[in-house]
Amino acid sequence: MTAAETTKANAAAPLFSIIIPTLNVASALRDCLESIARQRFRDFELILVDGGSTDATVDIANSFAPNFDTRLVVRCGTDRGVYDAMNRGVSLATGTWLLFLGADDALYQADTLARVAAFIGEHEHSDLVYGDVIMRSTKLRYGGDFDLDRLLFKRNICHQAIFYRRELFTSIGPYNLRYRSLADWDFNIRCFSNPALVTRHMNIVVAHFNELGGLSNTFVDKAFLKRLPITTRLGIRLVIIGARWWLKLRVRAA
Numbered sequence: 001m002t003a004a005e006t007t008k009a010n011a012a013a014p015l016f017s018i019i020i021p022t023l024n025v026a027s028a029l030r031d032c033l034e035s036i037a038r039q040r041f042r043d044f045e046l047i048l049v050d051g052g053s054t055d056a057t058v059d060i061a062n063s064f065a066p067n068f069d070t071r072l073v074v075r076c077g078t079d080r081g082v083y084d085a086m087n088r089g090v091s092l093a094t095g096t097w098l099l100f101l102g103a104d105d106a107l108y109q110a111d112t113l114a115r116v117a118a119f120i121g122e123h124e125h126s127d128l129v130y131g132d133v134i135m136r137s138t139k140l141r142y143g144g145d146f147d148l149d150r151l152l153f154k155r156n157i158c159h160q161a162i163f164y165r166r167e168l169f170t171s172i173g174p175y176n177l178r179y180r181s182l183a184d185w186d187f188n189i190r191c192f193s194n195p196a197l198v199t200r201h202m203n204i205v206v207a208h209f210n211e212l213g214g215l216s217n218t219f220v221d222k223a224f225l226k227r228l229p230i231t232t233r234l235g236i237r238l239v240i241i242g243a244r245w246w247l248k249l250r251v252r253a254a
């Protein structure tokens with residue numbers, strides 16, 4: 001542990017781990033951290049993975065240590081991009097459920113984590129639960145129910161609204177660093193392609209989402225787009241349909 005970290009070795013594992021990758025985001029980070037600090041539900045840890053900021057990002061993060069007791073970890077070092085930082089955050093996390101926020105995003109209300117915790121308590125047999133976001137620029141709500149078809153042929157779920165069981169990053173695998181700006185979309189497709197996983201939509205706004213500041217609005221992820229031409233998408237859908245029918249037949253035969 002460095003001086004920028006608060007140890008949590010002796011603390012009980014929390015329900016949530018909130019992971020924020022950062023790099024020179026001093027101008028936006030405070031609002032994000034304040035939205036987390038005011039949460040009424042306190043069974044969470046906060047992990048900031050900084051890629052070598054040269055501004056006040058790390059100082060701002062450490063200034064919030066009193067707000068989070070022993071639940072704040074700030075890890076500094078170089079990385080291979082935002083998804084590498086997110087993977088590193090997963091390796092540091094001890095929570096049952098993981099949420100990834102951008103430094104320019106914010107939890108929607110003070111009871112957001114409490115509402116999500118209640119939903120999870122009512123739907124314990126879940127692997128991935130997701131809500132909606134409010135777009136900062138338009139104030140419009142984005143989200144709703146997703147299935148594999150919507151992921152393949154339309155849009156991604158905002159990762160700011162998704163809570164993943166931590167074990168998924170072992171069973172499904174980490175974010176694929178081949179995809180520079182859409183590795184979260186790839187990860188979601190892998191999750192929704194697995195017929196054994198239980199995914200649920202929550203009628204809850206989880207976060208304010210800065211849709212103008214994300215990597216997907218800055219870079220064209222050619223590797224991801226090459227992976228998902230229309231023929232590949234149709235092939236994935238047919239394979240999954242076949243797998244689901246096979247599982248149903250096995251259950252009936254048993």
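Going by full-length UniProt numbering, the sequence shown wraps up at 254, each residue one higher than the last.
All C-beta atoms in this analysis are idealised placements derived from N, C-alpha and C, irrespective of residue type, glycine included.
Going along the chain, which residues of its own chain have a beta-carbon closer than 7 Å to the beta-carbon of residue i, five neighbours each way excluded?
i: Asn188; result: Leu151, Asn156, Ile157
i: Tyr108; result: Ile134, Val205, Val206, Ala207, His208
CB-CB under 8 Å to residue i, same chain, minus the five flanking residues each way: which ones, in chain order?
i: Leu168; result: Asp127, Leu128, Cys191, Leu197
i: Ala110; result: Arg38, Gln39, Arg40
i: Asp145; result: His201
i: Arg80; result: Leu177
i: Thr199; result: Ser126, Asp127, Leu128, Val129, Tyr130, Phe146, Cys191, Phe192
Nearest to residue i by CA position, among the options, is which residue?
i: Ser137; options: Asp105, Ile20, Ala117, Ala12; result: Asp105
i: Ile172; options: Arg200, Leu72, Val25, Asn87; result: Asn87
i: Leu15; options: Arg200, Ile120, Trp185, His159; result: Ile120
i: Thr57; options: Val25, Gly102, Glu211; result: Val25
i: Ser91; options: Glu122, Pro174, Ala12, Gly143; result: Pro174
i: Leu23; options: Ser35, Thr78, Phe44, Glu34; result: Thr78
i: Thr70; options: Phe153, Thr94, Arg180; result: Thr94
i: Gly89; options: Ser53, Arg115, Val49, Asn62; result: Val49
i: Leu33; options: Ile60, His159, Lys139, Thr199; result: Ile60
i: Asn210; options: Val116, Leu140, Asp145; result: Leu140
Please report how far the alpha carbon of residue i lies from the alpha carbon of residue j, in whole angstroms.
i: Thr96; j: Ile18; result: 11 Å
i: Leu177; j: Ala183; result: 7 Å
i: Asp84; j: Cys76; result: 13 Å
i: Leu215; j: Met202; result: At Leu215, the pLDDT of 48 sits below 50, so the modelled position is not reliable and the matter cannot be decided from this model.
i: Ala28; j: Ser35; result: 12 Å
i: Phe153; j: Asp31; result: 34 Å
i: Gly143; j: Thr54; result: 35 Å
i: Ala13; j: Asp132; result: 26 Å
i: Val82; j: Ala114; result: 28 Å
i: Tyr164; j: Leu99; result: 7 Å
i: Gly52; j: Asp149; result: 39 Å
i: Ser179; j: His159; result: Ser is not the amino acid found at residue 179; the sequence shown has Tyr there. Each residue's Cα considered, the two are about 15 Å apart.
i: residue 299; j: Arg166; result: Beyond the ends of the chain as shown, which are 1 and 254, falls residue 299; an answer cannot be given.
i: Leu212; j: Ser181; result: 13 Å
Measure the beta-carbon distance from residue i to residue j and round it to whole angstroms, keeping in mind my assumption that it falls under 8 Å.
i: Ile162; j: Ala103; result: The pair is not a contact, with the Cβ atoms about 17 Å apart (cut-off 8 Å).
i: Leu72; j: Leu46; result: 5 Å
Is there at least one Cβ from chain D nearer than 7 Å to residue i's Cβ?
i: Lys139; result: No chain D appears in the structure shown, which is made up of a single protein chain.
Sorted by chain position, which residues of the same chain lie with C-beta nearer than 6 Å to residue i's C-beta, five sequence neighbours on each side aside?
i: Asp43; result: Pro14, Leu15
Checklist entry - Is the stretch 61-70 in contact with the stretch 114-128, if contact means three or more CB pairs nearer than 8 Å? => result no
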